[in-house]
Amino acid sequence: MRMLLIMIIHLINLLVLPLFLVGVIRKVKALMQNRIGAPILQPFYDLAKMFRKAETVSKTASWVFLWAPRIGVAVSAVVAVLVPWDGALLPSGWAPATNFLLVLYLLALSKFFTMLAAIDTGSAFGGLGASREATISMLVEPTLVIGIGALALGAGNTNLLTIYAGQANPFVAILVGAALLLTALAELSRMPVDDPTTHLELTMVHEAMILEYSGRSLAVIEYASALRTCIFLGLAAQTLLHAWPAYQDLPILSRYAVGIAGVVALGSAVAVAEGVLVKLRWRSVPNFLAFAAVMGLLAALIAVAQVR
Amino acid sequence: MSEFELWGGSGSLCGVALFTWLAVVLTGLLKRKHSGLLFALPTIIGCAFLLSAALFGKNSTQILPFPLFLGDVGFRFVIDPLSRWFLGIIGLIGIPVALFSPGYLHHLRHRVSLGFVWAGLALLMISMVGVVLAANVLTFMVAWEVMALSSFALVIADHEQRDIRRSAFIYLGATRTGTAFLMLGFIWAHHLTGSWVFSEWGLSGTAALVPALLIFVGLATKAGSWPFHLWLPIAHPAAPAPVSAIMSGVMIKTAIYMMVRLFVLGNHFETPALGPILLILGAISAFWGVIFALLQQDLKRLLAYSSVENVGIIMMGLGMSLLGKSYGIPILTQLGLAAALLHTLNHALFKSLLFLGAGAVDARTHVRDLERLGGLIHRMPWTAGAFVVGSAAICALPPLNGFAGEWMLYQGFFGLAQNGESVGLRLGGLLLMGWLALIGALVIACFVKAVGVVFLGNPRSQEAERAREAGKGMLAAQVILALLCIGLGIAAPLVINPLGRIAAQTGSPSLLQNTWTIPIALLALILVGTIGVLAVWLRELARSLPAKRFITWECGFGDLGPRTQYTASSFAQPISRLFGAIYSYAVEINIKGRNRRHFPETVAVEMMHEAHLETKVYAPLLKSIQRMASVFLMRLQAGSIHQYLIYMAVVLGVLIWLGVSR
Numbered sequence: 001m002r003m004l005l006i007m008i009i010h011l012i013n014l015l016v017l018p019l020f021l022v023g024v025i026r027k028v029k030a031l032m033q034n035r036i037g038a039p040i041l042q043p044f045y046d047l048a049k050m051f052r053k054a055e056t057v058s059k060t061a062s063w064v065f066l067w068a069p070r071i072g073v074a075v076s077a078v079v080a081v082l083v084p085w086d087g088a089l090l091p092s093g094w095a096p097a098t099n100f101l102l103v104l105y106l107l108a109l110s111k112f113f114t115m116l117a118a119i120d121t122g123s124a125f126g127g128l129g130a131s132r133e134a135t136i137s138m139l140v141e142p143t144l145v146i147g148i149g150a151l152a153l154g155a156g157n158t159n160l161l162t163i164y165a166g167q168a169n170p171f172v173a174i175l176v177g178a179a180l181l182l183t184a185l186a187e188l189s190r191m192p193v194d195d196p197t198t199h200l201e202l203t204m205v206h207e208a209m210i211l212e213y214s215g216r217s218l219a220v221i222e223y224a225s226a227l228r229t230c231i232f233l234g235l236a237a238q239t240l241l242h243a244w245p246a247y248q249d250l251p252i253l254s255r256y257a258v259g260i261a262g263v264v265a266l267g268s269a270v271a272v273a274e275g276v277l278v279k280l281r282w283r284s285v286p287n288f289l290a291f292a293a294v295m296g297l298l299a300a301l302i303a304v305a306q307v308r
Numbered sequence: 001m002s003e004f005e006l007w008g009g010s011g012s013l014c015g016v017a018l019f020t021w022l023a024v025v026l027t028g029l030l031k032r033k034h035s036g037l038l039f040a041l042p043t044i045i046g047c048a049f050l051l052s053a054a055l056f057g058k059n060s061t062q063i064l065p066f067p068l069f070l071g072d073v074g075f076r077f078v079i080d081p082l083s084r085w086f087l088g089i090i091g092l093i094g095i096p097v098a099l100f101s102p103g104y105l106h107h108l109r110h111r112v113s114l115g116f117v118w119a120g121l122a123l124l125m126i127s128m129v130g131v132v133l134a135a136n137v138l139t140f141m142v143a144w145e146v147m148a149l150s151s152f153a154l155v156i157a158d159h160e161q162r163d164i165r166r167s168a169f170i171y172l173g174a175t176r177t178g179t180a181f182l183m184l185g186f187i188w189a190h191h192l193t194g195s196w197v198f199s200e201w202g203l204s205g206t207a208a209l210v211p212a213l214l215i216f217v218g219l220a221t222k223a224g225s226w227p228f229h230l231w232l233p234i235a236h237p238a239a240p241a242p243v244s245a246i247m248s249g250v251m252i253k254t255a256i257y258m259m260v261r262l263f264v265l266g267n268h269f270e271t272p273a274l275g276p277i278l279l280i281l282g283a284i285s286a287f288w289g290v291i292f293a294l295l296q297q298d299l300k301r302l303l304a305y306s307s308v309e310n311v312g313i314i315m316m317g318l319g320m321s322l323l324g325k326s327y328g329i330p331i332l333t334q335l336g337l338a339a340a341l342l343h344t345l346n347h348a349l350f351k352s353l354l355f356l357g358a359g360a361v362d363a364r365t366h367v368r369d370l371e372r373l374g375g376l377i378h379r380m381p382w383t384a385g386a387f388v389v390g391s392a393a394i395c396a397l398p399p400l401n402g403f404a405g406e407w408m409l410y411q412g413f414f415g416l417a418q419n420g421e422s423v424g425l426r427l428g429g430l431l432l433m434g435w436l437a438l439i440g441a442l443v444i445a446c447f448v449k450a451v452g453v454v455f456l457g458n459p460r461s462q463e464a465e466r467a468r469e470a471g472k473g474m475l476a477a478q479v480i481l482a483l484l485c486i487g488l489g490i491a492a493p494l495v496i497n498p499l500g501r502i503a504a505q506t507g508s509p510s511l512l513q514n515t516w517t518i519p520i521a522l523l524a525l526i527l528v529g530t531i532g533v534l535a536v537w538l539r540e541l542a543r544s545l546p547a548k549r550f551i552t553w554e555c556g557f558g559d560l561g562p563r564t565q566y567t568a569s570s571f572a573q574p575i576s577r578l579f580g581a582i583y584s585y586a587v588e589i590n591i592k593g594r595n596r597r598h599f600p601e602t603v604a605v606e607m608m609h610e611a612h613l614e615t616k617v618y619a620p621l622l623k624s625i626q627r628m629a630s631v632f633l634m635r636l637q638a639g640s641i642h643q644y645l646i647y648m649a650v651v652l653g654v655l656i657w658l659g660v661s662r
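Protein sequence lines, in the order shown, are assigned to chains A and B.
For the first sequence, the working numbering assigns the number 1 to the initial residue and increments by one for each residue that follows.
For the second sequence, the working numbering assigns the number 1 to the initial residue and increments by one for each residue that follows.
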């Protein structure tokens, strides 16, 4: 019964938190720039507005263009449910479904279709965005696998549920959490890798890919990317929280609240970073992501030395 | 062995399949103009018999009766869970390929003798079954050579084109080199053990090393592993599409089969060096294959390089299996083996699907250059759909079939990171997981490029614009394979049992039952349900406000046409620039015109990429071999009949002396 209640809270949270998080990020960014900024609830209004609008679809587009957003949002929603906000939250029978490799490959499924949809309209911007997205994910994936793999070594299992149910080595947790945060900046098309708010399509990655979308489909995409923000920041927050020994002893609801606070805090941190940093030249993105890779490798080294 | 056992069970089913194909070979050689059902039907029936042998047959060892002997060595066959696994793969891929061929070969009818292709195809199938069933060196070598020659004949089928002749001779050279190594290895092993039967070999320690390495090089050449892969991206694209599908999907796997049979199962060659060698070469092949696949401009060459990648992944699994064996970690041995075998089956399915798709595109547009394709999803919707499924499967995306195999490999490496003896070994396990992830991301880039440039966007040439959907047989073949990719992905637990039986051949009882835990079918159901609900809801919204169709955003310049689309080479450029150390990569842009800055008249862009391995290692090596040949061999073969007569007399004398002295 208690479990069911928590699950319901969690599902409602998954509907609300992603858009709220986007609102918080925008608000903090506006404050950083000495603007008042839009209300925190603005993303909700935007989404409601976009769902009421008709969409325009390119004549060149095929079913790939039509179905990619739906596949993307469905995958993100399933992954958001599976990625545990806390080890105790999901029923333990779900553990195999929270395998981190499954999660990463499911996200790759949505990425695959997003990239195809970008090329589908025959627009050069879409191709450019897809090509860059492919490059970024090639730079990011190894770090993610090595980092979470290092974390999993402590738990003896590749299921996220098991990983986050137990205590982690604080060094490994901090290093992996930091690496996850850096890779999240790239995966979520945030500064300094990508700037979602420029005026020039040529400089963007994610926005260039979804340039052709409008109306309902755009709303679906926006929600999916808000969900992905939640997933990645949630992973990073959970990992960082595991460096804090007392976290495990909190009662479940306060742990959940701390987890959400962590996600919002990381979101604000991302916004602060966006206010301070400038966008990197495309060619220096690999150097930036190399930091994440090095942290992942260090974590792997520590984790490996500590087994047994 | 009683008469009943000799011809009962799977042996007889295989026999029926072989004789059906033999009939196809003979009719093919006699009726060279025919194509279609006359050949397709018996080929499919043969495959069906083979499949039933694989699924329901019993395990047995069979020795053919007396007249079929060479010296004192007879033909000897073995049917065990391992050979049945590969028999299943041959039968499974054979059926769609036979369905596809009549429609495809039709467009080659003026250049190629169709009956000849069918005869070659059937002979190739026969020889592959022979390799998989072989229990001793004689049977194996005969089947292996028939396989090499029949596939050579198929590659050179379209022999009026100079390129294809060149490719075929490179292929022939590669098979000869491989066979030379194999022969040396086998003779060495025979010398040490006194037996020609594989199962009677039991070498260990330093004695095992040299024959094992020789045999390995021979097999790796056939499998297309780095650095012996050079022939593969040249030969596979040159063959007609169904043949490429069989060669990439099945034929190169026979070498994998022999690696499993000789190195992984049983204790035929116990040498700790093999595991790391397979693992490292596999890791390099996988990376090398995918990075070069990404660079290719030719659809079939792209697919061929991707085969190098997948063979690399399979070899990584085998290497891990051997590593587990030498460190005494049975779960690693079994996971590695299971991952390798599962990936072998998966790769057979999606790679033949993709080659057939490329063949359908080739048959309808006569274009293989990526930069001249595009927009085919509107003109060939079924082919495009099947190709998308195959691409998603080869990217190992769940819930398709590629995922289970790669997931097992990940689990194996994770096991290595957990149970390895030294810190280095454990770190190696984690790093290999990262390496696999890197390769996975590159594969996604590669196949997004392939699908995107071939099927999506606007057609880049008239040929692509005029394309129409492939014929029914061609479509049926692709759809069957696509459905198999989906079905095998969702029903992954079904294959764990046969894999467990093979894993039990390693010596310890199967540990695989509890390894595959992911509820993939449920997950697929939930995904499809979510997408369905969403689609229904969006359709409701669309009822009041239907979507408008309009041109793609062109910044207000007016319709820009297909030339402004992103090209295959520009898509690959960011990644290919990053790995410039292993090849020379150059883009040459030539702009001509009186005022070339403002009014260019011709703009030509040329891309060039050459692997340092080819230009700096193989090319000088081949050149020096040629020089040696022209110095020494020219004297031996001077064109003088007197000299040749002396050779013959000398050889005859030596043979008689050998016979008498024995």
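Yeah, the Cβ is synthetic: ideal placement off N, Cα and C, and Gly gets one too.
Whose C-alpha, out of the options, is nearest the C-alpha of residue i?
{"i": "Leu109 (chain A)", "options": "B:Leu138, B:Leu397 and B:Leu349", "result": "B:Leu397"}
{"i": "Ala148 (chain B)", "options": "B:Val533, B:Ile126, B:Gln411 and B:Ala286", "result": "B:Ile126"}
{"i": "Trp144 (chain B)", "options": "B:Leu154, B:Val155 and B:Val131", "result": "B:Val131"}
{"i": "Ser62 (chain A)", "options": "B:Trp537, B:Gly390, B:Leu92 and B:Gly457", "result": "B:Gly457"}
{"i": "Val454 (chain B)", "options": "B:Gly374, B:Ala241 and B:Gln296", "result": "B:Gly374"}
{"i": "Val197 (chain B)", "options": "B:Pro211, B:His268 and B:Met315", "result": "B:His268"}
{"i": "Gly46 (chain B)", "options": "B:Val16, B:Leu29, B:Trp231 and B:Ile63", "result": "B:Val16"}
{"i": "Leu197 (chain A)", "options": "A:Ala257, A:Ala271, A:Gln238 and A:Val263", "result": "Going by the sequence as given, residue 197 (chain A) is Thr instead of Leu. Out of A:Ala257, A:Ala271, A:Gln238 and A:Val263, A:Ala271 has the C-alpha closest to the C-alpha of Thr197 (chain A)."}
{"i": "Pro330 (chain B)", "options": "B:Arg165, B:Trp537 and B:Leu511", "result": "B:Leu511"}
{"i": "Leu144 (chain A)", "options": "A:Leu160, A:Thr183, A:Asp120 and A:Phe113", "result": "A:Thr183"}
Check whether the Cβ atoms of residue i and residue j sit closer than 7 Å, and answer yes or no.
{"i": "Glu270 (chain B)", "j": "Ser225 (chain B)", "result": "no"}
{"i": "Val97 (chain B)", "j": "Ile252 (chain B)", "result": "no"}
{"i": "Ala283 (chain B)", "j": "Trp188 (chain B)", "result": "no"}
{"i": "Ile136 (chain A)", "j": "Ala68 (chain A)", "result": "no"}
{"i": "Gly267 (chain A)", "j": "Met32 (chain A)", "result": "no"}
{"i": "Gly126 (chain A)", "j": "Ala134 (chain A)", "result": "no"}
{"i": "Val78 (chain A)", "j": "Leu527 (chain B)", "result": "yes"}
{"i": "Ala54 (chain B)", "j": "Gly88 (chain B)", "result": "yes"}
{"i": "Leu233 (chain A)", "j": "Val263 (chain A)", "result": "yes"}
{"i": "Ala243 (chain A)", "j": "Ala290 (chain A)", "result": "no"}
According to DSSP, which residues form a beta bridge with residue i?
{"i": "Met607 (chain B)", "result": "B:Val587"}
{"i": "Phe599 (chain B)", "result": "B:Asn595"}
{"i": "Asp298 (chain B)", "result": "B:Asp369"}
{"i": "Val197 (chain B)", "result": "B:Asn136"}
With DSSP collapsed to three states, give me the class of residue i.
{"i": "Ile231 (chain A)", "result": "helix"}
{"i": "Gln62 (chain B)", "result": "strand"}
{"i": "Leu108 (chain B)", "result": "coil"}
{"i": "Glu270 (chain B)", "result": "strand"}
{"i": "Asp72 (chain B)", "result": "coil"}
{"i": "Val57 (chain A)", "result": "strand"}
{"i": "Leu230 (chain B)", "result": "coil"}
{"i": "Ile79 (chain B)", "result": "strand"}
{"i": "Asn310 (chain A)", "result": "Nothing can be reported for residue 310 (chain A): it is not among the residues displayed for chain A, which extend from 1 to 308."}
{"i": "Asn159 (chain A)", "result": "strand"}
{"i": "Ser664 (chain B)", "result": "Residue coverage of chain B in this structure runs from 1 to 662, which leaves residue 664 (chain B) outside it and unanswerable."}
{"i": "Leu90 (chain A)", "result": "coil"}
**Message:** Which runs of the alpha helix (DSSP H) at least 4 residues long sit entirely within the segment 365 to 420 of chain B? Give them in chain order.
**Reply:** 376 to 379, 381 to 394 and 402 to 419
**Request:** Report the residue ranges of all beta strand (DSSP E) runs contained in full by the segment 510 to 595 of chain B; include only those spanning at least 3 residues, in chain order.
**Result:** 548 to 550 and 583 to 592
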